[in-house]
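Student:
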Amino acid sequence: MKHLEAGNNLLLGVTGGIAAYKSVELARLFIKAGVNVRVVMTEAATRFVNPITFQAITGETVRVDLFDQAHEAAMGHIELARWADHLLIAPATGDFLARMAHGLADDLLSTLYLACPAQVSVAPAMNVHMWEHDATRRNVSRLIEQGVQVLGPALGEQACGDTGPGRMLEAAEIVSSLMYSSEAGLFAGRKVVVTAGPTREAVDPVRFISNRSSGKMGFALAEAFAAEGAEVVLVSGPVNRDDPPGIQRIDVISAQQMYEAVFKHLPGADVFAACAAVADYRPANPQPQKLKKNGEHLELKLVKNPDILAEVAALSDGPFTLGFAAETQKLVENARSKLTSKGIDMIAANLVGKGRGFDLEDNALKVLWSDGEADLPMQSKKNLARALISLVAEQYVRE
Ligand code: PMT
């Protein structure tokens, strides 16, 4: 099945169920991922969400009526059907699935289903008894025979109070299954754990020691692995970033919490990529109350944090390890010494400091491994992440 990519055109059909509110977030996430989105709603869907909401999110007119003279003078529905690289109907109600299965075309969206040559997916949403009814089961089987991809539904508590299958998948899950293949890609079938962002080490309840990491590089790395088919767990320190679609994100504050989260999610991991700027030391005695200003000097005693990367690398049957080296001088020399002292497979070294590395959109990396090296010149962190994981794939496969 061809996956959607940035730049593709997605026609999002919204039918009349309570889950229609989730489709607003769905449209937003697709747009964020670079997909062009146009929305078509059934009349019933407009009872749940106002078309203006989708119009504001997509910047495109939302179509509802098949007999809309302004658009149909030039056979607008056929033009719309041709425009789409993918037709996704989410939520798809029991009624709408039935109409699709039987080829009815009595409104704009059902007409588009018949007229659209592109791949069609549905994300069903309905009460558990409706989903399990023989009539629905037959309709869904028929749609699968017609080549329709069925996403979900999920199990769980429903708006009506019943529990079981019938909930529409979460928006991020739908984006992930349409955009990120788990059957193809450099890391298909692999599990990757990534750390990102800074850690905060408490001095007292209101103060902490930290650094300037924004999480941009680590998040770009996690997204690049996911785009290449990996199952990704992203352990992130405190950053101001949206959840990347299709990625399990674990938020932590301190180095100790990051250490625990990494080891909790490490079993089964094939690659560990440590991009977080983890504090090497933490205050030995964080104070339960705010420190008072007493005297001219204040001495803070610091103790060493666990080195997460080095401990993962020391595992006898551990994953491939990619570390980062943030240096203000002697980039290659210091990075090579970290590669050896931490016992890792690969290190991506970057110069940091004034106007370099932290919190910027662009970066450059010198990548080192035991018997080789590569220069990745200044470019966006997203592109850098893609180039870096290609190097990981080459070295990982070689192992
Ligand atoms: O987040 P951004 O604003 O986009 O900035 C990106 C970045 C500059 C933070 C990133 O490119 C980077 O260099 N990350 C590593 C920062 C760092 O802590 O480097 P280090 O040289 O101190 O640590 C070496 C390696 O050991 C790193 O992979 C680090 O994650 C890991 N480490 C360090 C200490 C520790 N206690 N545990 C660790 O796992």
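As numbered in my numbering, residues 11 to 409 make up the sequence shown, in order.
The beta-carbon is built from N, C-alpha and C at its ideal position, and this holds for glycine as well.
1. As an exercise, report each continuous beta strand (DSSP E) stretch of at least 3 residues that is fully enclosed by the segment 278–303, in chain order.
2. Quick check: the Cα distance between Glu409 and Lys201, rounded to an integer number of angstroms?
3. Answer yes if the segment 219–228 comes into contact with the segment 160–174, meaning at least three C-beta pairs across the two stretches below 8 angstroms, and no otherwise.
4. Indicate the three-state DSSP secondary structure (helix, strand or coil) for Leu179 in the structure shown.
5. Measure how close the beta-carbons of Thr173 and Pro101 come, nearest whole angstrom, since I'm counting them as under 8 angstroms.
6. Pick helix, strand or coil for Arg366, following the three-state DSSP scheme.
7. Which residue marks the beginning of the alpha helix (DSSP H) containing Thr68, and which one marks its end?
8. Cα separation between Ser390 and Leu118?
9. Looking at Val185: is its Cβ nearer than 8 angstroms to the Cβ of Leu39?
10. Would you list the residues sitting across from Pro208 in a DSSP beta bridge?
11. Three or more beta-carbon pairs under 8 angstroms between the segment 61–71 and the segment 84–96, yes or no?
12. Consider the C-beta atom of Asn393 and the heavy atoms of the ligand PMT; say whether any pair is separated by less than 7 angstroms.
13. Helix or strand or just coil, what does DSSP make of Phe197?
14. Give the DSSP-derived three-state secondary structure of Ser186 in the structure shown.
15. Helix, strand or coil: how does DSSP classify Ser224 here?
16. Using 7 angstroms as the cut-off, classify the Cβ of Gly225 as near or not near the heavy atoms of the ligand PMT, replying yes or no.
17. Do Ala284 and Leu349 have their CB atoms nearer than 8 angstroms?
18. Near Pro329, what residues of its chain come up, given a Cβ to Cβ distance below 6 angstroms and the 5 sequence neighbours on each side ignored?
Tutor: Taking the coordinates as given:
1. 281–284, 291–293
2. For the purposes of this step, residue 409 is taken as residue 399 along the sequence shown, with counting starting at 1. For the purposes of this step, residue 201 is taken as residue 191 along the sequence shown, with counting starting at 1. Summary for Glu409: the model assigns pLDDT 48, below 50, so the residue's position carries little reliability; its value from the coordinates is reported in the next sentence. Distance between the alpha carbons of Glu409 and Lys201: 16 angstroms.
3. no
4. Here residue 179 corresponds to residue number 169 of the sequence shown, with the count starting at 1. Residue state, collapsed to three classes: coil.
5. Translated into the one-based positions of the sequence shown, residue 173 becomes position 163. Translated into the one-based positions of the sequence shown, residue 101 becomes position 91. Wrong, their Cβ atoms sit about 18 angstroms apart, outside the cutoff.
6. Position 356 of the sequence shown, counted from the first residue, corresponds to residue 366. Reduced to three states, the DSSP call for Arg366 is strand.
7. Residue 68 sits at position 58 when you count from the first residue of the sequence shown. It spans 61–68 - the alpha helix (DSSP H) in which Thr68 sits, taken as one unbroken run.
8. By 1-based counting over the sequence shown, the position of residue 390 is 380. By 1-based counting over the sequence shown, the position of residue 118 is 108. If you take the alpha carbons of Ser390 and Leu118, they lie about 42 angstroms apart.
9. The residue given as residue 185 occupies position 175 in the sequence shown. The residue given as residue 39 occupies position 29 in the sequence shown. Taking 8 angstroms as the Cβ cut-off, Val185 and Leu39 qualify as a contacting pair.
10. Here residue 208 refers to the residue found at position 198 of the sequence shown. Bridge partners of Pro208: Ala287.
11. no
12. As a first step, residue 393 must be located in the sequence shown, where it is residue number 383. No, the Cβ of Asn393 stays beyond 7 angstroms of every heavy atom of the ligand PMT.
13. Within the sequence shown, the letter at position 187 stands for residue 197. In the structure shown, Phe197 sits in coil (DSSP, three-state: anything other than H, G, I, E or B).
14. Here the question's residue 186 lines up with position 176 in the sequence shown. Reduced to three states, the DSSP call for Ser186 is helix.
15. Numbered from its first residue, the sequence shown carries residue 224 at position 214. Coil, per DSSP.
16. In the sequence shown, counting from the first residue as 1, residue 225 sits at position 215. Because some heavy atom of the ligand PMT lies under 7 angstroms away, the Cβ of Gly225 counts as near it: yes.
17. Mapped onto the sequence shown, residue 284 falls at position 274. Mapped onto the sequence shown, residue 349 falls at position 339. Result no, Cβ atoms of Ala284 and Leu349 do not sit closer than 8 angstroms.
18. The count along the sequence shown starts at 1 and reaches residue 329 at position 319. Excluding positions up to five away in sequence, the list reads Ala279, Asp280, Val281, Phe282.
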